[in-house]
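Comments concern the structure below.
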Amino acid sequence: MSDIGFLFAGYGVIWVILGGYLYSIGRRQSALRRELQRLQREVERGL
Amino acid sequence: MSQEQVLEPAEAGGRAAAPPTTAVGVADIPAGGGRSRLLDILAIATVIAILIDLYGALLWAPTEAVMGDVQRIFYFHMPSAWLALGPGFTVVFVCSIMYLVTKDLKYDRIAAASAEIGVMFTTITLVTGPLWARPIWGAYWTWDPRLTTTLVLWFIYVAYLMLRSSSAAGHKRARLSAVFGIVGWVDVPIVFMSIRWWRTIHPLLISGQGMSLDPSMELVLFYSLAAFTLLYVYLLLVRVRQEDMRARIDELRQQILSR
């Protein structure tokens, strides 16, 4: 692989790791929001 | 049950009175964990900063005379390492101490969020380093002190995260994590000083004579450090908010169970 190839591989890996992490955060956010809303509705029903 | 009290599973039979805890930000979480204007603005600012950084690193900075274009990996490699060693794991260290002193679970949540981000940036460091090293040193990896101690650091904080994921939320987990977070931080100064204490082939950027970089490269590097720090702050706020939501969920579940 040429030097430019290593350069693109390096930046490519950064975006894959960062992108994967941001995706993971986004999924957790959605799941937490759904669960929070569900529980808040349940608490309100019980009041 | 007030918002500030969290009931823990009985640790030694019967209900143990849990120390008071402050769920930071829980009261500020919009009903249902909705969007935050501050985070949205910060996200946009971070994206713009990183895009400018990308331009600076790949196009604006001059080509290094000896290493050529592959040296440009450095503009993202070093800030990643800085974020892990500097803010990332040091915040874990400080918040771990603060938790043990105050018994406030908000510090545990901040520590957990920062550890995760630190592991992510250490991973970037450990992968980009070898990709730079292969054309320059002729090998992806050597058991050089800097590389080895950084790998050890990665293992330490991966173990920290695994410890947390295998324990139930609460003060017991927070205590274990805090001790681990404090002891594990001992490797951070070792990583930083490794290129000064031992014989190493890892480049030494900062010496007694200052930085060994062209001024325009220095400018791109410092900008990159600032952009990455902004990214860290954004990710930390998002993750801490998620941990607060998780704490709120636990509170609501306990509230429902105790009805």
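As they're listed, the protein sequences go chains A and B.
For the first sequence, this note's numbering gives the first residue as 3, with consecutive numbering after it.
For the second sequence, this note's numbering gives the first residue as 1030, with consecutive numbering after it.
Built from N, CA and C at the ideal position, the CB exists for glycine as well.
Values in this document were obtained by computation on a predicted structure and should not be read as measured data.
- Taking each of A:Leu41, A:Glu46 and A:Ile6 in turn and checking the Cα distance to Glu1280 (chain B), the smallest one comes out for A:Leu41.
- Put simply, the backbone Cα of Ser1125 (chain B) is about 10 Å away from that of Thr1131 (chain B).
- Residue contact check for Phe8 (chain A) against chain B: a CB pair falls below 7 Å.
- When the Cα atoms are used, Ala1207 (chain B) and Arg1175 (chain B) turn out to be separated by approximately 26 Å.
- Using beta-carbon distances, Gln1283 (chain B) does not count as an interface residue toward chain A, since no partner is under 7 Å.
- Rounded to the nearest whole angstrom, the C-alpha separation of Leu1266 (chain B) and Tyr1252 (chain B) is 21 Å.
- Chain order gives the chain A residues near Ile1278 (chain B) as Leu34, Glu37, Leu38 and Leu41, where near means a beta carbon separation below 8 Å.
- Residue environment analysis places Ala1256 (chain B) among the buried positions, since at least 16 neighbouring C-beta atoms fall within 10 angstroms of its C-beta.
- The shortest CA-to-CA distance from Ser4 (chain A) to any of B:Asp1098, B:Phe1105, B:Arg1204 and B:Pro1159 is the one to B:Asp1098.
- Of all residues in the region 1064-1098 of chain B, only Gly1097 and Asp1098 come within less than 7 Å of chain A when Cβ atoms are compared, listed by chain position.
- Interface annotation, Val1269 (chain B): not in contact with chain A, CB-CB separation never under 7 Å.
- In the three-state reduction of the DSSP assignment, Gly1199 (chain B) falls in the coil class.
- The secondary-structure analysis by DSSP pairs Gly1097 (chain B) across a beta bridge with B:Glu1093.
- Restricted to the region 1107-1142 of chain B, the alpha helix (DSSP H) segments that are unbroken, complete and at least 4 residues in length are 1118-1131, listed in chain order.
- Taking the Cβ atoms as the reference, Ser1245 (chain B) lies roughly 6 Å from Pro1091 (chain B), within the contact range of under 8 Å.
- Ranked by Cα distance from Gly1167 (chain B), the first of B:Ile1230, B:Asp1133 and B:Leu1182 is B:Ile1230.
- At a cut-off of 7 Å between C-beta atoms, Pro1116 (chain B) does not count as an interface residue with respect to chain A.
- For the 7 Å CB-CB criterion, Phe1209 (chain B) and Tyr1189 (chain B) form a contact.
- Interface criterion not met: the Cβ of Pro1108 (chain B) is under 7 Å from no Cβ in chain A.
- Phe1105 (chain B) is classed as buried because its beta carbon has at least 16 other beta carbons within 10 Å across all chains shown.
- Under the three-state reduction of DSSP, Leu1242 (chain B) is assigned to coil, being neither helix nor strand.
- Leaving aside the five residues that flank Ala1142 (chain B) on each side, the residues in its chain whose CB is nearer than 7 Å to its CB run, in chain order, Leu1265, Arg1268, Val1269 and Glu1272.
- 7 Å or more divides the Cβ of Ser1195 (chain B) from the Cβ of Arg1202 (chain B).
- Between Val1249 (chain B) and Pro1218 (chain B), the alpha-carbon positions lie close to 25 Å from each other.
- The CB of Glu46 (chain A) never comes closer than 7 Å to any CB in chain B; the least such distance is about 10 Å.
- Within its own chain, the residues whose Cβ lies closer than 6 Å to the Cβ of Arg1163 (chain B), once the five positions on either side in sequence are excluded, are Tyr1169, listed in chain order.
- About 6 Å separates the CB atoms of Ala1113 (chain B) and Thr1154 (chain B); that is less than 8 Å, so the two are in contact.
- In this structure Asp1069 (chain B) is exposed. Its beta-carbon is surrounded by fewer than 16 other beta-carbon atoms within 10 angstroms.
- In its chain, beyond the 5 residues on either side, no residue has a beta carbon closer than 8 Å to the beta carbon of Phe10 (chain A).
- For Arg29 (chain A), not one C-beta of chain B is nearer than 7 Å to its own C-beta.
- In the DSSP assignment, Thr1179 (chain B) falls within the unbroken alpha helix (DSSP H) covering Pro1174 to Ser1194.
- Only exposed fits Val18 (chain A), as fewer than 16 other CB atoms lie within 10 angstroms of its CB.
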